[in-house]
Every structure is written in structure tokens, then in C-alpha cells.
Amino acid sequence: MFMRRRRPLLRAAMVGGAGYYAGKRIQEGREEDAYRDARLDELEPHEAAPAPARGISDSSIEQLQKLGQLHDQGVLTDAEFEAQKQKALQGV
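As C-alpha cells, then:
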């Protein structure tokens, strides 16, 4: 009678031990993943923050509007319009 009672206790101890070991291995894997992710974040190059955009002055806006009107009227070709537009924007 003593033998019958001992087997369920051994079985429970084995199942509990196996569960504990499995949980421990899973936690170790999660810690390794977190460590690896942190290292990758450190090693990856970070993009530099973009330079703050400078505002366009009122005179530049007026010049761009005039260029647009001349282009719409056919006075300026596409290439001339683009060249003048770049000059106006670089003068900002």
C-alpha cells in the first residue's frame, strides 16, 4: 500500500521539476533576446536629426509666384523655370 502512494508523489515531483526547468529556460531565452536586442540597438547607426527648416522670406515667395505666372504664360520654359526656382530657393 505504501508503494501505491509513493508513485503519484514521485510523478508530481518529476512533473513539477520539469515545469520549473522549462520555465527557467524560457526566462533565460527572453533575457538573452533582450540583451541581444539592446546590443543591436547600440551598434546600429542612428540617423541624425534633420536640420530645422528655414522659413522662406516674403520676397522669395513673391519671386516664386512671379516665376510660376511666367511659366504658366509660356514665357519661361520648364528648364528655365526650374533653374530660376532653385536660385530663388537657395537665396533663402
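In this text, residue positions in the sequence shown follow my numbering: the first is 219, and each later residue adds one.
Where is the CB? At the ideal position from N, CA and C, for every residue including glycine.
* To do: Within 10 angstroms of the Cβ of Leu285, are there 16 or more other Cβ atoms? Answer buried if so, exposed if not.
  => buried
* Return the Cβ separation of Gln302 and Leu294 in integer angstroms, given the expectation that the two are a contact with Cβ distance under 8 Å. => 7 Å
* Asked: With burial defined as no fewer than 16 other Cβ atoms inside 10 Å of the residue's Cβ, what is the status of Ala306: buried or exposed?
  -> buried
* Gln226 in three-state terms, based on DSSP -> According to the sequence displayed, residue 226 carries Pro and not Gln. Residue state, collapsed to three classes: helix.
* **Distance, Ala231 Cα to Gly237 Cα** => 10 Å
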